[in-house]
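Chemist:
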Amino acid sequence: MVTPMMMQYFALKKANSEYMLFYRMGDFYELFFDDAVVAAKILNIVLTKRGKCDEIDVPMCGVPYHSSNFYIQKLLKAGYKVAICEQLETAEEAKKRGAKTLVKRDIVRVITQGTFFEEETESGVIHKYIASVHPYKYEGSDDEGFCMAVLDLGTADFSVIKGQKKDFMNYLYEFKIIELLCADKVAEKCDWMREALRLYGADNILTRRPDVLFSHSRAVEVVKDVYNLPAVSSSFDEYEIIAMGVLLEYIKFTQKEHIPQLNLPKRRDDSIFVKIDAVTRKHLEIEDSANEGSTLFSTIDYTVSCIGKRLLKMYLRTVSKELHVINTRLDGVETFLGHMKIVNDIRELLKQMPDIERVATRITAGRCTVKDLMNMRDGLNVATRIFHCIEREELSKKVRAIIEEMISFDDLLHVLNSTLNPVVLDVTEHSTFIKRGYRAPLDALYDLRNNASNRIDALRKKYVQLTGIGNLKISKSSIYGYCVDITLSQSEKLSGTMFVKKQSLTNVVRYKTAELEELETEILTVQSKIDAMEKEIFEETRLAIVKRIEYIAICVAVIGKIDVITSFAFLAKSRNYVRPTMTNDFNLLIEEGKHPVLDVLLGENCISNDCIFDENVNLQIITGANMAGKSTFLRQNALIVIMAQIGSFIPAKRGSIGLVESIMTRIGASDNITNGESTFMVEMLETARILQSASQNSLILLDEVGRGTSAKEGMAIAIAVTEYVHEQIKAKTIFATHYHELGNLENTLHKAKSYKMDVTEHNGKITFMHKISQGIATHSYALHIAKLAGMPKSLLQRASQIFLNHSSY
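According to full-length UniProt numbering, the stretch in the sequence shown is residues 1 to 809, in order.
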């Protein structure tokens, strides 16, 4: 027999079959049937059963509602999506509609990887982007492009991007998209998009949506509805609006009645950022390391707030090529560097800064807690102290200009400080989080509730005197409420109708009295009134914050800038970095530069090197043995340029850097077996990508081009590539090669200069100095490296013999 409750469950599950259904029952979310079997294994919780359905046991497991986010995160990471089914009324309210009426339930939210913004782990610090993509063909051409709307629901950051299909994976990688919406027909027929997802390594991020949703007229109505606009800005074209509308409609579908207040979408302007594609980001290990080692981000990240950490990642994603933006940041770093006491004071305050950016999203969505309100209050108080700290010090106008963007929110702080207790140890729905004196009727109710325990104890003493039972107690049962408890052996002492027996346990018998029930009703009535009044004040406070949310967004932006700039000052002071001189010319002059990551790892043992590009040099050819440091030198200079163009000081004695508009690398390659591509094919594809896209204002780094094929053909390709970048592209290029013959090209290419990695030999011992000097290397030291690798002695002897007689082979 199927119960009414299970019939309700079946109806809800049928309408949401692709999601794990969290079905609210009291203080738990229960899962049934296959959902329960799968979830119990993933969550490592007990799988039990609840009755039978068609004579078959019903598998069941459950999680407490108050800690459900922890379990939901685990299911999301395992690749599942969750539908939250809540009780829409209490059991008492249901009974008023009929004695056996079932409690109303419905889906109040759908949670997916890209729409979950309550994450409480370290990864909650970073941006989590969901995107919708809409491919299209260029007018009068078969070439395809795409529009992509990208949103971090947790921070309300919303961008619209338009690009060519070859750039699609670059954006996936840059934003680290965790969920991608596309039309059913696109998922089936768009080969280049499927290939990009495969290379991205996360084809499970795709969420297919019905084709009918990708309509311009429909998208316009969605955008107008979400933002309460009379019309959509004409600055967006049809394809951009479709991408925006599809994403916003998905947010409406998943969030139901609790949509956060989102920033208006901004069109991404790539013309102001340095182009760094996905391959180059991987090669340079800007944010991610192939072997989970140190990255540029982990090395220079001295931010102390979540807000600052996200902004630093944003700077590394969108490296500026606007001179005034870069110099403004550098001015700030330089000013703070001269006031390190202020920097340290600000950093101590920033350590107390809650993540009010994500808190604001939960507050506007109506999914916030008491803790969120308190965090907002504490965060705004910290921000005010930081602003006052900067205002009262003698800092340059350029630094003080940062906080001039601020708009006062003293009125909101007054509300929050007046309403909320300074500290609430137990932040629950029944905690006393409202300050005494804020609302007199509530204070009176608190007094009544606090006096309840005294009244219960007085009644207990009365019953002890009346019955002569000294160990009589009054306790609270979850089933029967307040009860008089006596031991089984003394139960015969109670007589008459005053004490009504309710429950017999092993050693205790429980009774009720009319007087106790009357007191219990009074206590419950008081608590009900407290709950209602606290809920009312909570909502008033939440709406007061929502009313000032635009000011809070400005505060967040300013706090992020202050954290990043002061962290750059702290980094520069700690590592003895220098301010680079930024110019619009071609030059790149770095004196005694160091690889920023190795500088930290190796300390004084890190070797410095110069890098010089000017009107006489646009090509450096680096020869030398493997392990001598060629690849490190390439990466070092790219990372120094990136640091300078995000506004950081650099690890060098001196630096003058002409702005670059793109950084392109071909460093290392490995067989791509799954794609049927050899090392050489990967090498050629990456090199072709650079030659097709680079400009004179690019920084090109080429490492061992031509090594994946025969020596003769490989060298021919290497020479041709070298000549092409020198004569046709004319970009700043560092070409590292094991073909020593390439060094001679400086004699025919008038802007080429040859350098070598220094090696010393003493008593048969070879030492790689990791130092660059002018000249051409004459040895590869392959046999020495083979010896270091632990090759068998007999093999090395044979190899040496072959090498000495190589002319006969």
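The beta carbon of each residue, even a glycine, is placed where N, CA and C say it ideally should be.
On a predicted model such as this, the values are computed, not experimentally measured, just so you know.
Considering only the beta carbon of each residue, do I640 and G593 sit closer than 8 angstroms?
Modeler: yes
Chemist: Quickly, what does DSSP pair D57 with across the bridge? List them, please.
Modeler: Answer by DSSP bridge pairing, in chain order: K52.
Chemist: From Q645 to Y23, what does the alpha carbon distance come to, in whole angstroms?
Modeler: 51 angstroms
Chemist: Per DSSP, S477 forms a beta bridge with which residues?
Modeler: G481
Chemist: Below 8 angstroms on the Cβ atoms is my contact criterion, and I expect K756 with E746 to pass it. Report the Cβ-Cβ distance as a whole number of Å.
Modeler: Incorrect: roughly 12 angstroms between the Cβ atoms, too far for contact.
Chemist: Do you know offhand how far V705's Cα is from T737's?
Modeler: 7 angstroms
Chemist: Kindly list the residues whose CB is nearer than 7 angstroms to the CB of Y171, restricted to its own chain and excluding five residues on each side of it in sequence; keep chain order.
Modeler: M148, I161, G163
Chemist: Just the Cα atoms here: how many angstroms apart are F50 and T303?
Modeler: The sequence shown places Arg at residue 50, not Phe. Near 51 angstroms, if we compare the C-alpha coordinates of T303 and R50.
Chemist: Between which residues of its own chain and V359 is the CB-CB distance below 6 angstroms, once the five residues before and five after are set aside?
Modeler: The answer, listed in chain order, is D372, N375, M376.
Chemist: Determine the burial state of V232: buried for a count of at least 16 other Cβ atoms within 10 Å of its Cβ, exposed for fewer.
Modeler: buried
Chemist: Beta carbon of L21, beta carbon of A83: below 8 angstroms?
Modeler: yes
Chemist: Among F168, L181, K185, whose alpha-carbon lies nearest the alpha-carbon of Y200?
Modeler: F168
Chemist: To test your reading of the DSSP string, which unbroken alpha helix (DSSP H) runs of 4 or more residues are found completely within the stretch 204–229?
Modeler: 216–227
Chemist: Is it the case that the Cβ atoms of P580 and I650 are separated by a distance below 8 angstroms?
Modeler: yes
Chemist: In three-state terms, what does DSSP make of K301?
Modeler: Reading the sequence as shown, one finds Asp at residue 301 and not Lys. Coil, per DSSP.
Chemist: Just list the residues that DSSP pairs Q87 with in beta bridges.
Modeler: Partner residues in the beta bridge of Q87, as assigned by DSSP, are R105.
Chemist: Pick out whichever of L519, T497, C483 has its Cα sitting closest to the Cα of L505.
Modeler: When only C-alpha atoms are compared, the closest one is C483.
Chemist: Please confirm whether A731 and A777 have their CB atoms less than 8 angstroms apart.
Modeler: No. Outside cutoff.
Chemist: Would you report the Cα separation of M533 and E522, rounded to the nearest angstrom?
Modeler: 17 angstroms
Chemist: Counting along the chain, where does the beta strand (DSSP E) carrying C611 start and finish?
Modeler: 609–613
Chemist: Just checking, does the stretch 512–520 make contact with the stretch 262–279 on the three C-beta pairs under 8 angstroms criterion?
Modeler: Here the stretch 512–520 makes no contact with the stretch 262–279; the two share fewer than three CB pairs at distances below 8 angstroms.
Chemist: Alpha carbon to alpha carbon, how far is A219 from R367? Give it in angstroms, no decimals.
Modeler: If you take the alpha carbons of R367 and A219, they lie about 26 angstroms apart.
Chemist: Rounded to a whole number of angstroms, what is the C-alpha to C-alpha distance between V246 and F433?
Modeler: Approximately 40 angstroms between the Cα atoms of the pair.
Chemist: Does the beta-carbon distance from S698 to M664 come in below 8 angstroms?
Modeler: yes
Chemist: Which residue from G468, K435, V415 puts its Cα closest to that of L543?
Modeler: V415
Chemist: Grab me the residues of S808's own chain with a C-beta within less than 6 angstroms of its C-beta, minus the 5 sequence neighbours each way, in chain order.
Modeler: The predicted position of S808 is uncertain, since its pLDDT is 46 and thus under 50; a value taken from the coordinates is nonetheless stated next. Closer than 6 angstroms at Cβ, skipping near neighbours: no residue.
Chemist: Would you call the CB atoms of T207 and E179 closer than 8 angstroms?
Modeler: yes
Chemist: In angstroms with no decimal places, state the Cα-to-Cα distance between G437 and S67.
Modeler: 32 angstroms
Chemist: Could you compute how far the alpha carbon of D457 sits from the alpha carbon of Y463?
Modeler: 10 angstroms
Chemist: For the alpha helix (DSSP H) that contains P4, what are its first and last residues?
Modeler: 4–15
Chemist: Here's a check: name, in chain order, each residue in its chain whose Cβ is nearer than 6 angstroms to the Cβ of A40, leaving out the five neighbours to either side.
Modeler: Closer than 6 angstroms at the Cβ level, and outside the excluded window around A40, lie L47, C61.
Chemist: Would you say V423 and T254 are within 8 angstroms of each other, going by their C-beta atoms?
Modeler: Judged by beta-carbon spacing, T254 lies beyond the 8 angstroms limit of V423, meaning their Cβ atoms are not closer than that value.
Chemist: Can the beta-carbon of V600 be found less than 8 angstroms from the beta-carbon of A652?
Modeler: Cβ distance not < 8 angstroms, so V600 and A652 don't count as in contact.
Chemist: With a threshold of 8 angstroms on Cβ separation, who are the neighbours of L749 within its own chain once the five nearest residues in sequence on each side are excluded?
Modeler: L619, T722, E723, H726, E727
Chemist: Hey, could you find the ends of the beta strand (DSSP E) M664 is sitting in?
Modeler: 662–666
Chemist: For A15, is the classification buried or exposed, using 16 other Cβ atoms within 10 angstroms of its Cβ as the cut-off for buried?
Modeler: exposed
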